[in-house]
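Q: Residue numbers (this note's numbering), protein chains in the order written: chain G, 1 to 303; chain D, 1001 to 1303; chain W, 2001 to 2385; chain Y, 3001 to 3385. We treat Cβ as the ideally placed atom computed from N, Cα and C, and that holds for glycine. Quick caveat, the model's predicted, so the values are computed rather than measured.
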Amino acid sequence: MDFRPTEDQRALRAGVRALLAGRYGREALRASVDTGVAVDRGLWRELGEAGFFALRLPESEGGVGLGLPEAVLVFEEAGRALVPGPLVATHLAAGVVPGAAAGTAVVTAFDLGGDLVAHLGEADAVLGAAGLPDGEPVRAADPLTPLHRVAPHRVPRRGDVGAYVAEGALLTAALQVGSALRTVELAVRHAGEREQFGQPIGAFQAVKHLCAQMLVRAEVARTAVYAAAVTGGAGEVAAAKLLADGAAVDNARDCLQVHGGMGFTWEADVHLHLKRAWVRAEQWRTAAEAEELLAEELLDSAG
Amino acid sequence: MDFRPTEDQRALRAGVRALLAGRYGREALRASVDTGVAVDRGLWRELGEAGFFALRLPESEGGVGLGLPEAVLVFEEAGRALVPGPLVATHLAAGVVPGAAAGTAVVTAFDLGGDLVAHLGEADAVLGAAGLPDGEPVRAADPLTPLHRVAPHRVPRRGDVGAYVAEGALLTAALQVGSALRTVELAVRHAGEREQFGQPIGAFQAVKHLCAQMLVRAEVARTAVYAAAVTGGAGEVAAAKLLADGAAVDNARDCLQVHGGMGFTWEADVHLHLKRAWVRAEQWRTAAEAEELLAEELLDSAG
Amino acid sequence: MDLTYTDEERDFRARLREWLAKTLPELPARPSPDDWPGRRAYDLGWQRRLYEAGYAGLHWPVDAGGRGATPTQHLIFLEETERAGAPYVGANFVGLLHAGPTIAAEGTAAQRARWLPPVLRGDEVWCQGFSEPDAGSDLASLRTRAVRDGDDYVITGSKIWTSHAEVADWCELLVRTDPEAPKHRGISWLAMPMDAPGVTVRPLRTLAGSTEFAEVFLDEVRVPVADRVGAENDGWRVTMVTLSFERGTAFVGEVVACRRTLGELARTAKANGRWDDPALRRRLGRLYGEFGALWRLTQWNVSEAERSAGGVPGIGGSVFKLAYSHARQELYDAAAEVLGAASLSLEEEWTLDRLSSLSYTIAAGTSQIQRNIVAERILGLPKGR
Amino acid sequence: MDLTYTDEERDFRARLREWLAKTLPELPARPSPDDWPGRRAYDLGWQRRLYEAGYAGLHWPVDAGGRGATPTQHLIFLEETERAGAPYVGANFVGLLHAGPTIAAEGTAAQRARWLPPVLRGDEVWCQGFSEPDAGSDLASLRTRAVRDGDDYVITGSKIWTSHAEVADWCELLVRTDPEAPKHRGISWLAMPMDAPGVTVRPLRTLAGSTEFAEVFLDEVRVPVADRVGAENDGWRVTMVTLSFERGTAFVGEVVACRRTLGELARTAKANGRWDDPALRRRLGRLYGEFGALWRLTQWNVSEAERSAGGVPGIGGSVFKLAYSHARQELYDAAAEVLGAASLSLEEEWTLDRLSSLSYTIAAGTSQIQRNIVAERILGLPKGR
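1. Can you pull out the residues from the segment 3267 to 3285 of chain Y whose beta carbon lies closer than 7 Å to at least one beta carbon of chain W?
2. Residue 2103 (chain W) by DSSP, collapsed to three states: which one?
3. Taking the C-alpha atoms as reference points, what is the distance between residue 3277 (chain Y) and residue 1289 (chain D)?
4. Buried or exposed for residue 1069 (chain D), please, with buried defined as at least 16 other CB atoms from any protein chain shown within 10 angstroms of its CB.
5. Give me the Cβ distance between residue 3128 (chain Y) and residue 3172 (chain Y), rounded to the nearest whole Å; I'm assuming they're in contact under 8 Å.
6. Within 10 angstroms of the Cβ of residue 3272 (chain Y), are there 16 or more other Cβ atoms? Answer buried if so, exposed if not.
7. Taking the continuous beta strand (DSSP E) assigned at residue 2156 (chain W), which residues delimit it?
8. Which residues mark the beginning and the end of the beta strand (DSSP E) in which residue 2217 (chain W) is found?
9. Given that a residue counts as buried once 16 or more other Cβ atoms are within 10 Å of its Cβ, and exposed if not, what is residue 1303 (chain D)?
10. Between residue 1223 (chain D) and chain W, is there a C-beta pair that is closer than 7 Å?
11. Within 7 Å (strictly less), CB to CB, does residue 1284 (chain D) reach chain Y?
12. Note down the Cα distance separating residue 1285 (chain D) from residue 2350 (chain W), rounded to an integer number of angstroms.
13. Interface residues of chain Y around residue 1147 (chain D) at Cβ under 8 Å?
14. Please report whether the beta-carbon of residue 280 (chain G) lies at a distance below 7 Å from any beta-carbon of chain W.
15. Grouping DSSP H, G and I as helix and E and B as strand, with all else coil, what is residue 1061 (chain D)?
16. Using CA coordinates, which residue listed in G:79, G:301, G:105 and G:257 is at the minimum distance from residue 21 (chain G)?
17. Beta carbon of residue 3071 (chain Y), beta carbon of residue 3241 (chain Y): below 7 Å?
18. Under 7 Å between beta-carbons, which chain D residues line up against residue 209 (chain G)? List them in chain order, please.
19. Counting beta carbon pairs with one atom in the segment 2363 to 2373 of chain W and one in the segment 2316 to 2323 of chain W, are three or more of them shorter than 8 Å?
20. Is the segment 1 to 11 of chain G touching the segment 3002 to 3011 of chain Y in the sense that three or more CB pairs, one from each, lie closer than 8 Å?
21. Could you tell me the boundaries of the beta strand (DSSP E) in which residue 3187 (chain Y) lies?
22. Under a CB-based cut-off of 7 Å, is residue 141 (chain G) close to chain W?
23. Just curious, the beta strand (DSSP E) that residue 3071 (chain Y) is in, first and last residue?
24. Could you tell me whether any Cβ in chain Y is nearer than 7 Å to the Cβ of residue 1131 (chain D)?
25. Under 8 Å Cβ-Cβ, which residues of chain W neighbour residue 1235 (chain D)?
26. Do residue 137 (chain G) and residue 148 (chain G) have their CB atoms nearer than 7 Å?
27. When we look at the beta-carbon of residue 1018 (chain D) and count the other beta-carbons within 10 Å, is it buried (16 or more) or exposed?
28. Could you list which residues in chain C have their beta carbon closer than 9 Å to that of residue 2323 (chain W), in chain order?
29. If distances are taken between C-alpha atoms only, which option among W:2058, W:2039, W:2209 and W:2075 comes closest to residue 2253 (chain W)?
30. Grab the span of the beta strand (DSSP E) containing residue 3128 (chain Y) for me, first residue to last.
31. With DSSP as the reference, label residue 1283 (chain D) as helix, strand or coil.
32. Shorter than 7 Å from the beta carbon of residue 3299 (chain Y) to some beta carbon of chain G?
33. Taking residue 3137 (chain Y) as the query, report the chain G residues whose CB atoms sit under 9 Å from its CB, ordered along the chain.
34. Just the C-alpha distance for residue 2057 (chain W) and residue 2116 (chain W), rounded to the nearest angstrom, thanks.
35. Are residue 274 (chain G) and residue 263 (chain G) touching if we call contact CB-CB under 7 Å?
36. From D:1041, D:1055, D:1111 and D:1254, pick the residue whose C-alpha is nearest to that of residue 1124 (chain D); which is it?
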């Protein structure tokens, strides 16, 4: 037993982090926000070339032949960098929808449990659906997750996407963990720099303890995500999503509180983390669904 | 509109506080704990003489002729002093069970929603029940709330005590508020006296903020209790119980946290507040019941 | 403990209700949020109607041109206008609730005569220049400098979180007039015309996507010494006096609005089926209980204010604000649970409200600062070293 | 990321399980909680069986008489003994997990030879004399004085929160040997015989009604200088070295126990009908998820410890302890919801557990202290002035 990432896994993570730092740093992120263009086709292809989407496809099918543990590590990095777009759906579509694996196709999914779908206007396909349905654009709270509302008869039945729910939830949880870890960093950096009453605000216990609880939440959620990636257990996947959703949302809010008025501005990145965390919390599996699934497994295990 | 207690009401409250300070101060409380005798018949009669039980009985029936606002003020004081015994049930029994009004009878009630009943061994009667049922003594977590378990067929039906539930809940909420206010005082006193790392622990923001939130909880709950006493509205009574239960339990726990190891000892009074708050939270109306009642009223009011 | 209203108060409410019923349908269409001149005109128009009907400056002292109403009447006014869906105080906020009361309390006769009537009549708009980028919670550390030059102050610095700066006539400005003094003792209060040379307004976009606030940059702006209210270097005390004007009524309209929102949430949940989830239903029931208690706490504070000299001290408001700001954020989280994925759409009004509510635990004193105030000033706990 | 066990580890687990299945039925009846001599005999008896079976001092270095097991083997040992319902380490806790490792790391050869074998064999019981009534979170401010007198220290003071003091042979004692030095630099570590003249033990009743702890009063107690471990005034460092012995395994048994409790709660809720309340059911589901994650975090910490020199630093444990102590208190609150009014009865074992759990956010470093540690030592935030 060595639960820590292997050297290869760490190298993979570092590679993706470096790619994103160069290709989707803060300026690129803010440029996306300003233009309202969430999916950058060039970046999408580069991610595809780096194996982001084909990661778990067997080498015989042109994939990288790795597993969920590697996938959650790279998705964590994407969450940290706030990369927009239907990363999870496209990854799940690798080997199913042509071009998904290579990043030449953008694939979204009906993962919001209803008639809303994200990134429809930028997508080439919808996972588990025949063709691209029409949709009415809806003004979205997250500036980098455009939404459309689709006629109810064009929403795929639960069964058509059921096979993807667990993996979709887990990879989404990994994105949440990346965001939760990133907001700890943002809060700590601000708390160390911002001075009030003659000292950095991070010297005040109230701020210090907010930051400490943020780290606790993020670390527990990260562990749950890694464990679920290793074992693939249904309960562990549900726990991963539940804890990661909570960590991402609560950390973004605490990060905002640490930032004070500055955190309330459009210019700060905090709100982008919070809004994206809200989106992801609705994707694939909500907290109530995860808790019910866990309750069921608990009762089964108790015999 | 003047929501504040009138001069007469303040005088009544001060009188009960003085009576309890003289008759049931800390030494008397600890003596009760040591002997395990919860109901002091002498004190019960003195409370009776002071009008504690007959407060709301019309003067024509030998009562004091006051209302719920006066009652919640005196019950708040009893809660502050941690006076043990079935105060609420005996008060409700005034005019119904002989001797209750005068404090010569001790009356308990099946207010725990099942086959457990408090103070049965010390009681002369049970509200809404014919005769005193037999019961098996049960070891109780609160040393001053002895419990008995009664055969299910001796438990009164809901309808037999239904008329008392709202007033019982409100007066119990007043006891909770008294306890919640008292634990703020205990925490603040300890925080001002106890030194660690070269200063009173109350100078640390973490402790300070615990105490501040305790006061907020207690004050909001107190307002809810007073308002419910004035209006008698079903929703306001439910809100009063819900918020007062939360304030008493959470404040006792925070008070314990402020006290650190000292709060974990039998000698500190903190645990007596916590255990009694747990008892009262189960009496008359639980949080879930109060929330459902409030939800119903909300929907009705929304039309 | 009396929660009934006097005959006079009931009469006041009835007449107000009648007037609102008659007046509100006559109002022009509301301007769009981005139309600042339109908003100014709309808000001033509403203020003029209040003035003509005798409701302007309801809570101001009579000698300042106000109606000298009791806190209870003010509570009734705020409750009824919110219930009726009347316009929010809007552009008149600073003039009516902060700068005006400050001038009424601390200004000279000439200053009162110059600045108060236009506020009451709906002729002039004020904005507030207190906060600075580097002085958030620590407001008294503000650095905008005012240097005496003859009969003028010459002011350089920047202010932030200024509402209605684009359309204001005047700015109540806190400036540092003595950089050597302890931070609370070197501040002065000035009335600055917003069209003075050297004033630049830059809209500040919030996370809700709106530009409700602005930054105000001051580059050698000249303000006559005669437009200072109160003594030089006494501005901190001067600005604190207005807190007592509020008299427990600061959140009346907002609590009424939250209670209405809860009713709408219940109806929506009933309609979309989520009401059948006991966990969500109880969550809404609990919030209904909490906002009911907050309404009663408002009445309590108003009762206190009505019978005590000088109104409610700011510290009583800290208890309320801590409970209220938390409950209101929780309200919109519950709204998101009622809406499900639809909460991700800005077309649901609660989504925008949810975003705005993120400021409640920060603006006008963060919850951390409020807890310090409660702990130190009410509970008497020692200051940290 | 590998959560599988090696063949060797699987074999270790299988043999241990087999041994437990054979041994546990042979154990005598458990003594009552108030029977301290009985508890001592029972716990030492269990230790002797472990010793004879080769499991004593599993995680101790081989040169200290231990088995030099890996952290993973230690995790398996703790997991399997808890699962099988084996006796808790009980009276052997301080000897095996704190005083013993300290002596192993810092003691002289003679000290190791004198004190370690009796701990492993189950012959001697140690207790801990660190905390003092006036030094709680601020442990280093301890005031128990030790004054040199020839070859002895003469010790006066008092200690609190000492477990098994009534039946211990030795006490690992922190005393102040230099009152002039900075507080961390004037402390020494002594082994004090509990039967020395001047030692008085007074049971300390907790809010759970039990006397698991005692106060120890020291009135001119003489301890030979030779029984000091480490250098004079170096006791703070000496006692900190044992933290690294824990190697991430500190809460293994407790997490396993909590997971079992959750299963029992689910069964009870199913039986009494409360399982049908979705709010309660989801609360239990969430706790199941949280304790699952805490189990994985334990495995993570053990993996870290196994591959890093010196084991897991104490600060990694702070993250775990913050999450764990909160989750465990929440577990017993959920238990009370499952039981309803029956939670007021001490005859429900969870009620006693609930009372005991109130110490989790206080003992061994309050949650407030843990958050300071996380913020300052992991996140690098500055110390307050």
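A: Reading from the atomic positions:
1. Residues passing the 7 Å Cβ filter: 3277, 3278, 3279 and 3282.
2. As a first step, residue 2103 (chain W) must be located in the third sequence, where it is residue number 103. If DSSP states are grouped into helix, strand and coil, residue 2103 (chain W) belongs with the helices.
3. As a working note, residue 3277 (chain Y) is residue 277 in the fourth sequence. As a working note, residue 1289 (chain D) is residue 289 in the second sequence. Cα to Cα, residue 3277 (chain Y) sits roughly 12 Å from residue 1289 (chain D).
4. The residue given as residue 1069 (chain D) occupies position 69 in the second sequence. By the 10 Å Cβ count, residue 1069 (chain D) comes out buried.
5. On the fourth sequence, residue 3128 (chain Y) is found 128 positions in, with the first residue counted as 1. On the fourth sequence, residue 3172 (chain Y) is found 172 positions in, with the first residue counted as 1. Their Cβ separation, rounded to whole angstroms, is 6 Å, which keeps residue 3128 (chain Y) and residue 3172 (chain Y) in contact under 8 Å.
6. Taking the fourth sequence and counting its residues from 1, the one referred to as residue 3272 (chain Y) is at position 272. By the neighbour-count rule (16 or more Cβ atoms within 10 Å), residue 3272 (chain Y) is not buried but exposed.
7. For the purposes of this step, residue 2156 (chain W) is taken as the residue at position 156 of the third sequence. Counting along the chain, the beta strand (DSSP E) containing residue 2156 (chain W) begins and ends at 2152 to 2163.
8. If you number the third sequence from 1, residue 2217 (chain W) lands on position 217. Here the beta strand (DSSP E) through residue 2217 (chain W) covers 2213 to 2224.
9. Locating residue 1303 (chain D) in the second sequence gives position 303, counting from the first residue. The residue in question, residue 1303 (chain D), is exposed, as its Cβ has fewer than 16 Cβ neighbours within 10 Å.
10. By 1-based counting over the second sequence, the position of residue 1223 (chain D) is 223. Closer than 7 Å: yes.
11. Taking the first residue of the second sequence as 1, we reach residue 1284 (chain D) at position 284. Not one chain Y Cβ lies under 7 Å of residue 1284 (chain D).
12. As a position in the second sequence, residue 1285 (chain D) is number 285, starting the count at 1. As a position in the third sequence, residue 2350 (chain W) is number 350, starting the count at 1. Straight-line Cα distance between these residues: approximately 32 Å.
13. Numbered from its first residue, the second sequence carries residue 1147 (chain D) at position 147. Those are 3344 and 3345, listed as they occur along chain Y.
14. Looking up residue 280 (chain G) in the first sequence gives position 280. Not an interface residue.
15. Counted from its first residue, the second sequence places residue 1061 (chain D) at position 61. Residue state, collapsed to three classes: helix.
16. Indexing the first sequence from 1 puts residue 21 (chain G) at position 21. It is G:79 whose Cα lies nearest to the Cα of residue 21 (chain G).
17. Counting from one through the fourth sequence, the residue named residue 3071 (chain Y) turns up at place 71. Counting from one through the fourth sequence, the residue named residue 3241 (chain Y) turns up at place 241. In this structure, residue 3241 (chain Y) does not lie closer than 7 Å to residue 3071 (chain Y) by Cβ.
18. Walking along the first sequence from the start, residue 209 (chain G) turns up at place 209. Within 7 Å Cβ-Cβ: 1206.
19. yes
20. yes
21. Numbered from 1 along the fourth sequence, position 187 holds the residue referred to as residue 3187 (chain Y). 3187 to 3193 is the span of the beta strand (DSSP E), which, as asked, contains residue 3187 (chain Y).
22. Walking along the first sequence from the start, residue 141 (chain G) turns up at place 141. Closer than 7 Å: yes.
23. Taking the fourth sequence and counting its residues from 1, the one referred to as residue 3071 (chain Y) is at position 71. Looking at the DSSP string, residue 3071 (chain Y) is not in any beta strand (DSSP E); the run it does join, the alpha helix (DSSP H), is 3071 to 3083.
24. As a first step, residue 1131 (chain D) is located in the second sequence; it is residue number 131 there, counting from the start. Chain Y contact via Cβ: absent.
25. Translated into the one-based positions of the second sequence, residue 1235 (chain D) becomes position 235. The contacting residues are 2288, 2289 and 2292.
26. For the purposes of this step, residue 137 (chain G) is taken as residue 137 along the first sequence, with counting starting at 1. For the purposes of this step, residue 148 (chain G) is taken as residue 148 along the first sequence, with counting starting at 1. Result yes, Cβ atoms of residue 137 (chain G) and residue 148 (chain G) sit closer than 7 Å.
27. The residue labelled residue 1018 (chain D) in the question sits at position 18 within the second sequence. Residue 1018 (chain D) should be labelled exposed.
28. Absent here is chain C; the protein component of the structure consists of chains G, D, W and Y.
29. The residue labelled residue 2253 (chain W) in the question sits at position 253 within the third sequence. Here the closest residue by C-alpha is W:2075.
30. Position 128 of the fourth sequence, counting from 1, holds the residue named residue 3128 (chain Y). Its beta strand (DSSP E) spans residues 3126 to 3129.
31. Here residue 1283 (chain D) is taken as the residue at index 283 of the second sequence, counted from 1. If DSSP states are grouped into helix, strand and coil, residue 1283 (chain D) belongs with coil.
32. Stepping through the fourth sequence from its first residue, residue 3299 (chain Y) is reached at position 299. Chain G, which has a Cβ nearer than 7 Å to the Cβ of residue 3299 (chain Y), makes this yes.
33. By 1-based counting over the fourth sequence, the position of residue 3137 (chain Y) is 137. By Cβ distance, chain G contributes nothing, its closest Cβ being about 13 Å from residue 3137 (chain Y), past 9 Å.
34. Locating residue 2057 (chain W) in the third sequence gives position 57, where the first residue counts as 1. Locating residue 2116 (chain W) in the third sequence gives position 116, where the first residue counts as 1. Rounded to whole angstroms, residue 2057 (chain W) to residue 2116 (chain W) spans 10 Å at the Cα level.
35. Here the question's residue 274 (chain G) lines up with position 274 in the first sequence. Here the question's residue 263 (chain G) lines up with position 263 in the first sequence. No, the Cβ-Cβ distance between residue 274 (chain G) and residue 263 (chain G) is not below 7 Å.
36. Mapped onto the second sequence, residue 1124 (chain D) falls at position 124. For the residues D:1041, D:1055, D:1111 and D:1254, the minimum Cα distance to residue 1124 (chain D) belongs to D:1041.
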